[in-house]
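See structure below.
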Amino acid sequence: MFDMFEATVPQDDKDILLFEQQFFGKEAMNIIACDGTKRIERPESYKHWQTRIVRAGFRQLLLDQEIIKRVIKVKIGYHKNFLVDEDGKWILLGWKGHVGGLLITDHLDNLFINL
Numbered sequence: 001m002f003d004m005f006e007a008t009v010p011q012d013d014k015d016i017l018l019f020e021q022q023f024f025g026k027e028a029m030n031i032i033a034c035d036g037t038k039r040i041e042r043p044e045s046y047k048h049w050q051t052r053i054v055r056a057g058f059r060q061l062l063l064d065q066e067i068i069k070r071v072i073k074v075k076i077g078y079h080k081n082f083l084v085d086e087d088g089k090w091i092l093l094g095w096k097g098h099v100g101g102l103l104i105t106d107h108l109d110n111l112f113i114n115l
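The sequence shown: position 85 = 85 (UniProt numbering), numbered continuously.
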């Protein structure tokens with residue numbers, strides 16, 4: 001993520017330091033300073049999340065091809081290292097080949113609410 005900011009945000013932008021501290025400081029500290037069982041957060045692939053989503057009662061819906069076309073069209077106007085890709089029912093977003101986020105559409109099956 002830091003590489004992405006360096007390539008796309010002006011270096012004299014004072015807000016970027018605050019943004020990085022607020023959103024990435026804890027994660028960076030975890031990655032740099034903690035090994036093994038001391039590590040608090042562990043990155044997981046979207047494939048692992050797919051299993052969790054299904055177990056929670058969600059069903060992934062097919063992606064709307066018009067939305068995919070729009071996302072890819074918007075990506076063309078951004079930095080060449082931004083990643084936008086489709087994998088089954090996922091839209092993958094990333095930087096330099098590394099997935100950093102994703103978009104899915106899903107539906108909750110069998111929703112029961114106890115009052």
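Here a beta-carbon is modelled for each residue, glycine too, at the ideal position from N, C-alpha and C. This structure is a prediction, so every number in the text was calculated from the model and none was measured.
In DSSP terms, what residue i is bridged to
| i | result |
| --- | --- |
| glycine 101 | Leu93 |
| aspartate 85 | Leu92 |
Residue i and residue j closer than 8 Å at C-beta
| i | j | result |
| --- | --- | --- |
| alanine 7 | histidine 98 | no |
| tyrosine 46 | leucine 102 | yes |
| isoleucine 67 | glutamine 60 | no |
| glutamate 86 | leucine 62 | no |
| glycine 88 | glycine 94 | no |
| lysine 69 | aspartate 3 | no |
Cβ neighbours of residue i in the same chain (closer than 7 Å, five flanking residues each side left out)
| i | result |
| --- | --- |
| isoleucine 16 | Phe5, Val9 |
Close Cβ partners of residue i (< 6 Å) along its chain, the five nearest in sequence each way excluded
| i | result |
| --- | --- |
| threonine 105 | Leu61 |
| leucine 92 | Asp85, Val99, Leu102 |
| isoleucine 72 | Val84 |
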